[in-house]
Each structure stands twice: as C-alpha cells, then as structure tokens.
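Asker:
Chains as they are written, first to last, in our numbering: chain Y, 1 to 395; chain V, 1 to 395.
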C-alpha cells in the first residue's frame, strides 16, 4: 500500500548525523561524531542511591500518573535555581519541565508557527532543533556567524525581509556545532532587535554550565524585561541525557500553550527521572558535580585542540573553544569536504560533515564537526592522527 | 505583551478533566473522576529490584543517549510478544517504543493529517486522544456507539460524506469512557470499511489485558492483511503510567515517519523505564501480574456495579462492563447533567461530565463517567451513596 503523509512531514528525513551513526556503531570505528557525555560523566552511585530511596520511601508517586507541568518540587526548585544562578524568571514568566530540551523545540514550533512561517537560526546550527522546526513546515533562514556570534547586520536584514518571522533560535554558549560563544554586546544587540521587530527569541543553553575558561556571560533571558525570550535548559549534559529531562522558562501565556500541547504529546515527563533530578540537585553536591565535569572536559578539550594543532594545522583551521563539547574545523578549499568525511569513515574515523547543520544542505561547505567528550584519550590521539594524514594526502 | 499563537493551537484548551482534577486534589473529595491504576496495582518490589540491578550492571546504557526507535531488547521482545499473544505483526509491519501511548496519537496525527483533514472517532471517546488530533487542526467526526461498539451504518455514512478522512480512532476493548467492547462481527465490519474506503484505523488498546469476564476477542490488527491498522499498546495500566512507555505496531513506512517525528519531539523515550519494562516482562511473571490485576479490578468493578444497582437504579442506568477501568452512567432526562456533576462536587464527590468526551462539548448529554480503580472500597461505598441521594433529590 502507498501511504499519504501530511505536507509537514512528507519531506522530513532522518538527521544526516543518524546516518553517520550507523558507521559509528562499528566498534572498530573511532567516533568523533557523537555529542554524548563521557561515560565518566555520570554520577552513577548517586543516581543508584536516589533510585533506591524513591522506591523505598515514595514508590507510588514515582509510578502513578502525574501533572503535565512537571513534578512540583523539581519545578519550584528549578524556578529558584534559575533566578539565583542566572537572574532568570520575571513576574510574567513560568516554567515547564519537559522530556528533554528537544521537546521544547517541538512545543515552541507547534505553538507559535503556522506552516510557512519563518524561523531564523544561526548558520550552522543544531540539526535536532532545525528538524523540529521543519516538522511544522516552518521556513528556516540561516544567518551566518562571526567569531563572537551571529552577524547582527545580516540578522537585522533577515528580520526586515523575511515574512512572518516567529522566533530566532540561538545557542549563545559554546554553540553546537561551531563552538562559538556570543559576546555580551551581541546578546544585548540581539535582544534590542527582538524588541524592535517584536520577534521572540528561543535561547537554547544546554552547554552553559560546561565553561572551561573565560568569564561567565549573562544570558539573553536575564535581560528580558518585555517577555520576549523562551529560555531552554537541560539535564542532558550535566546529569544524564538518557533520563530525558529539560525545562523551559518563558512568559506564562506561552508556557500555558506548551502545557496543553505537552498533554496531548506525552501527558507528562517520566516521573522517576524528575525525582532523580530533584534529589540530585538538592541533596547532593550539584555544583561540585558541574565543577568535576568542567575539569573532565577541559582536559579532553585541551588534548583535542593540541592534537588538532599538531596534526591538522596549518591546512585545517578551527575556532578555539572555552566550553561545550564540539569543535568546528574548516578544510582548505582544495579538499572536498564530503570526500574528506567519506575517506575518514573508510579509515575508521567518523566526523560530521558541516552541511548537515545548514538550513540548506546543498550549500557549499568546508566545515566538519568533531567531538571530544565521548571518545577515550587514546581514541582521540589515534583519530586525529588519521585525520591529519588524510588531510595531508588530499591537499 | 500579546502573543500570537499558531492556528492549530489557538483554540486548544486544557482538558475538561484536568479542571475537575483541581477539585479532586482536595483530600476531602472522593474522586471517581480519575483513570489512575490502583495504588495496589504497582509491582513496587520488582521495579525496585530491577532498578538496582540496572545501576549495578548496566548504568551507562541507562543514562546515555539511546536510539529513537526504542531500547533494542524491549523492541524485539514486544514484537515477539505481540505476535504470540495477539497474532499482531505482519511482514510489512514494524514497531516503535513511545513515551506512553499518548505519543502515538500525536505522532500519527502529525504524520497523517493536514490541517482540516477529518478524523473519525467513537462518540464519546478518550479526550486525551481527541485533543492530540485537535492540536493538528484535524476535524473530528464522532460516530455514535451501540452496546456492541460503533454504529456501522453511521460509520459508513461518515466515510462517504466527510472530506479527507485520514483515519478512524477506535478503542475496541472496554472503551474509555463508555466501557463498551466492540463485538467480533463489528471488528470485521470496521476492517472491511477501512479496506473499502482506503482509510487507516488506529486501534488503541490500553485496557485489553484488563478483562474480568467474557471471552477474548481478536484485535482488528490481527485481521490486517492490507497494512491499514496502526495498533497502540501501553504499559500504563499493566505496569505503571508514571514510567510513560507505550508502543505502536504499524506498517514500516508509517513507523519510519513516526521515528523521524519522534526524533524531533523527545529524541527517545527515557531509557531506564524501557529497561524496567523489558526486565519485568522477561525476568518476572508478567502474565501472573496481569492475572493479579484482573482479580484486583474485577472485585472493585463488581463492588461498583453492585453499589450503582443499589443506590442509583432505576433512575440512573449504566452499561455493565467486562473489563477496563470505567463505567458510563446515564441520567434520566429530568436531571440536568451539568448541575448534577456540580452538585456532586459540592458534596465532595467528583465524576466526569460526559460531554467532555464528545467532539462537540455543547451537544446535549445525559452521561457521566465513574472510575473504580483509584478510590478505596470505603470511598466507593461512600461516594456512590452520596451520588444516589443526590440523584433522588434532583429527580
């Protein structure tokens, strides 16, 4: 039988990264393509203890239906935490707990975008979010980035010329895939443009806590006097992605619509995982765990950057990073990027071709993304050596 | 600020049942309005043991990112289980694990319905699913039910006259809210209509295992030679709703689209809960647990029907049930249903007004739904006594 699908999904494809993961599943392959936390990053003992405690003291609450907005103690703790840590949460704001930050992208696009409306994003940007927006038939407009974040002139041009722009999707800290962090000046400028054009901002901040060097920069949401910013947080990089818990702070009216949509989507987020997140934040040393992660990833990021300097410079360049899990590399013009990525796979090293992160994958692109959190140090050394040899051969 | 929402969600409202839950949250109130499993129904000891084992033997797999299709061992076990138990799963079918059965409703509507397309459902039907379909701006067409399931003549009339019917949404076993079970003859007739008009069926079967009396009736999906049926299963009523795990068996092409949509919605379902479901199904006495639940709920259902006979007959009538968690009662014409439900709340008993389950809530309706799984026996006795007195006073 031939099935007819809705217009919004008929052209939707699995993410290009998923296709690469098929190669990466081969245990002989060194995968620099994932975005997974390091296996060392999980507080297994704490989560195990918490889980035992839940089933000893409060099993029915963990197993019964719960409310869509989120486990009440976690929700109210996150409100306090966001206020204290980031000065986030005005009187007009509310908070919803979601099944990972990814769900916020879906709920926001569903609530805000009619088919054909425009979403502005950084180019390149996180493919998972772009695919969420695409799944509601939003038109994506990618705005190029400078080394200190989105190009403001081109952003304003997009806001002036694109029709029905519903929101700008931005990852200000250690952006995936570029590793770029938006400067304070640009954050202020972006917020001013949001005000000027009456356009909302989705500020996605999964990597914000993973700063290894440099100074903390205030979030755009902390400047939000007008109710224009939808802030998205996640436990995936600071506790566990497998538990699928994220959250969103946004104006009450927007959160209310998200709650109704979430009710029809999954009723509520797995309650055990919300309890685990709450207990870990409040009864364990959450800040200490974040410091541990910063130290763990700083070491691996430094190793990776040293390896790139040693084996890939000067032909292949990259932006040094101050945090996050990704580094974006740029090939010289005499190397075909797609060929390079394919050849790398044949030599058992997986990287992600940069065009996967563009709003139009057919655009010319010399970029590829590497990750350093998932592989062991030995794999990083071997993998970058192989990439270095390959680049020299292809030059 | 005034926010503009998408057309598809601008008229979306929280479910009427949620509003009632606000009253039901008062500990003084006897809630006959929920659909929660009994607190006694949860295999707490087993889940606690499984959870400990997971964090001892396989913690990283439980906490790391996983694949969208579902935890591989659970997925393949569910395929076998569905085949053995229900003869479900043709060569053209595949299976996806979802964040509760509710997510299947969202993924199906998203994948299959353009805005304005028609979804046919039983009238009354499960409000959570109806709201999922509404959230993609599908037009709902409710077809009345007889005591043996949907009225076939009126169903065919709807298939002939409604535009762009994308699927029929049916709950053949112990339907929520009516408690009605569709006869084998009607299941066959419905499938023939699906073939004749080339319209898909969503067969939602959350209560199928909770049969207390009468004979097993084959699922519609077991008759599916043409790839027309999307079957939906759930652990919510046989293990735990708080873990949010359901599944869907449907033709591969439909599952593929659901996978892409789910990737953008929550990446994958909480992996710990999928491991718990898998371990409980394969290492514990899952069939024995289902028998235990059948006995538990049979007792409560019998008590409830006896109480209704004693206190509400003959003015208030109801369909006797053979399984599931709900009984639908019908008030005589001289009692205003909305007034009755409001007066009941004032006397600290919550029931759900029947119009909440209609595609058009403003239609005249004399029905109200009661549940017997969540309250204690003492609460059931006291609650129905109060309803009985109220009905007599209002007659």
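C-beta: ideal position from N, C-alpha, C; glycine also.
Could you name the residues of the segment 41–70 of chain V whose beta carbon sits closer than 7 angstroms to any beta carbon of chain Y, in the order they occur along the chain?
Answerer: Cβ contacts with chain Y: 42, 44, 47, 48, 51, 52, 55, 59, 60, 62, 63, 64, 65 and 66.
Asker: How should residue 295 of chain V be labelled, buried or exposed, when 16 other C-beta atoms within 10 angstroms of its C-beta is the threshold for buried?
Answerer: Per the 10 Å Cβ criterion, exposed.
Asker: Spatial neighbours of residue 234 of chain V within its chain, please: CB distance less than 7 angstroms, with the 5 preceding and 5 following residues excluded, ordered by chain position.
Answerer: Counting only Cβ-Cβ distances below 7 angstroms, and skipping sequence neighbours, we find 100, 101, 206 and 246.
Asker: Is the Cβ of residue 230 of chain Y closer than 8 angstroms to any Cβ of chain V?
Answerer: By this cut-off, residue 230 of chain Y is not an interface position.
Asker: Under 8 angstroms between beta-carbons, which chain V residues line up against residue 261 of chain Y? List them in chain order, please.
Answerer: The answer, in chain order, is 9, 12 and 135.
Asker: Rounded to a whole number of angstroms, what is the C-alpha to C-alpha distance between residue 271 of chain Y and residue 163 of chain Y?
Answerer: So the two alpha carbons sit approximately 40 angstroms from each other.
Asker: Which residues in chain V sit within 8 angstroms of residue 132 of chain Y, going by Cβ to Cβ distance?
Answerer: Those within 8 angstroms of residue 132 of chain Y in chain V are 264 and 265.
Asker: Taking the runs of the alpha helix (DSSP H) that are 4 residues or longer, which of them lie wholly in the segment 90–163 of chain Y?
Answerer: The qualifying runs are 101–112, 127–134 and 152–161.
Asker: Taking 8 angstroms as the CB-CB limit, is residue 100 of chain V close to chain Y?
Answerer: Yes, its Cβ sits closer than 8 angstroms to a Cβ of chain Y.
Asker: Determine, using beta carbons only, whether residue 257 of chain Y comes closer than 8 angstroms to chain V.
Answerer: Yes, residue 257 of chain Y counts as interfacial toward chain V.
Asker: Rounded to whole angstroms, what's the CA-CA distance from residue 129 of chain Y to residue 120 of chain Y? Just pull it up for me.
Answerer: For residue 129 of chain Y and residue 120 of chain Y, the distance between alpha carbons rounds to 12 angstroms.
Asker: For a contact defined as C-beta to C-beta under 8 angstroms, what are the partners of residue 379 of chain Y on chain V?
Answerer: Residues of chain V passing the Cβ test: none, with the nearest at roughly 16 angstroms.
Asker: So residue 281 of chain V contacts chain Y; which residues on that side make the cut at Cβ distance below 9 angstroms?
Answerer: Those do not exist, as residue 281 of chain V stays about 16 angstroms from chain Y at its closest Cβ, beyond 9 angstroms.
Asker: How would you label residue 365 of chain V, buried or exposed, when you count the other beta carbons within 10 angstroms and need 16 or more for buried?
Answerer: Residue 365 of chain V is buried by the Cβ-count criterion.
Asker: For the alpha helix (DSSP H) that residue 278 of chain V lies in, which residues bound it at each end?
Answerer: From DSSP, the alpha helix (DSSP H) with residue 278 of chain V extends over 271–283.
Asker: How many Å lie between residue 51 of chain Y and residue 216 of chain Y at the Cα?
Answerer: The alpha-carbon atoms of residue 51 of chain Y and residue 216 of chain Y are separated by roughly 33 angstroms.
Asker: Checking 8 angstroms against the spacing of the C-beta atoms, do residue 313 of chain V and residue 372 of chain V come in under that value?
Answerer: No, they are not a contact pair.
Asker: Residues of chain V with a CB under 7 angstroms from the CB of residue 271 of chain Y: which are they?
Answerer: Correct list: 242.
Asker: Can you give the Cα-Cα distance for residue 149 of chain Y and residue 322 of chain Y, rounded to whole angstroms?
Answerer: Roughly 14 angstroms separates the two Cα atoms.
Asker: Is the Cβ of residue 36 of chain Y closer than 8 angstroms to any Cβ of chain V?
Answerer: So, interface residue.
Asker: I need the straight-line Cα distance from residue 243 of chain V to residue 223 of chain V, nearest angstrom please.
Answerer: Going by the C-alpha atoms only, they are around 31 angstroms apart.
Asker: I'd like to know whether the C-beta of residue 227 of chain Y is nearer than 8 angstroms to at least one C-beta of chain V.
Answerer: Yes, because at least one Cβ of chain V sits closer than 8 angstroms to the Cβ of residue 227 of chain Y.
Asker: Give me the residue from Y:32, Y:261 and Y:209 with the minimum Cα distance to residue 82 of chain Y.
Answerer: Taking only the C-alpha atoms, the option nearest residue 82 of chain Y is Y:209.
Asker: Identify the residues that DSSP records as bridge partners of residue 203 of chain V: which are they?
Answerer: Looking at the DSSP assignment, residue 203 of chain V forms a beta bridge with V:170 and V:231.
Asker: What does residue 112 of chain V reach in chain Y if we use C-beta pairs closer than 9 angstroms?
Answerer: By Cβ distance, chain Y contributes 3, 4, 5, 6 and 9.
Asker: Is the beta carbon of residue 329 of chain Y closer than 8 angstroms to that of residue 96 of chain Y?
Answerer: Contact flag unset, no.
Asker: Determine the burial state of residue 137 of chain V: buried for a count of at least 16 other Cβ atoms within 10 Å of its Cβ, exposed for fewer.
Answerer: When all chains shown are included, residue 137 of chain V counts as buried.
Asker: Per DSSP, which one or two residues make a beta bridge with residue 213 of chain V?
Answerer: Beta-bridge pairing links residue 213 of chain V to no other residue.
Asker: Can you pull out the residues from the segment 312–346 of chain V whose beta carbon lies closer than 9 angstroms to at least one beta carbon of chain Y?
Answerer: Answer set for the segment 312–346 of chain V: empty.
Asker: Check this for me: beta carbons of residue 278 of chain Y and residue 73 of chain Y, under 8 angstroms apart or not?
Answerer: In contact: residue 278 of chain Y and residue 73 of chain Y (Cβ atoms closer than 8 angstroms).
Asker: Could you check whether the Cβ of residue 254 of chain Y sits closer than 8 angstroms to any Cβ belonging to chain V?
Answerer: Closer than 8 angstroms to some Cβ of chain V, the Cβ of residue 254 of chain Y qualifies, so yes.
Asker: Check whether chain V comes within 8 angstroms of residue 106 of chain Y, counting only Cβ atoms and requiring the distance to be less than that.
Answerer: Judged by the 8 angstroms Cβ criterion, residue 106 of chain Y is in contact with chain V.
Asker: At 8 angstroms on the CB atoms, spell out the chain V contacts of residue 128 of chain Y, in chain order.
Answerer: Near residue 128 of chain Y (Cβ distances below 8 angstroms), the residues of chain V are 263, 264 and 267.
Asker: Compare the C-beta of residue 124 of chain Y with all C-beta atoms of chain V and state if any pair is closer than 8 angstroms.
Answerer: By this cut-off, residue 124 of chain Y is not an interface position.
Asker: Is any beta-carbon of chain V found at less than 8 angstroms from that of residue 222 of chain Y?
Answerer: No, residue 222 of chain Y lies away from the interface with chain V (no Cβ there is under 8 angstroms from its Cβ).
Asker: Start and end of the beta strand (DSSP E) containing residue 246 of chain Y?
Answerer: Segment 246–251, the beta strand (DSSP E) holding residue 246 of chain Y.
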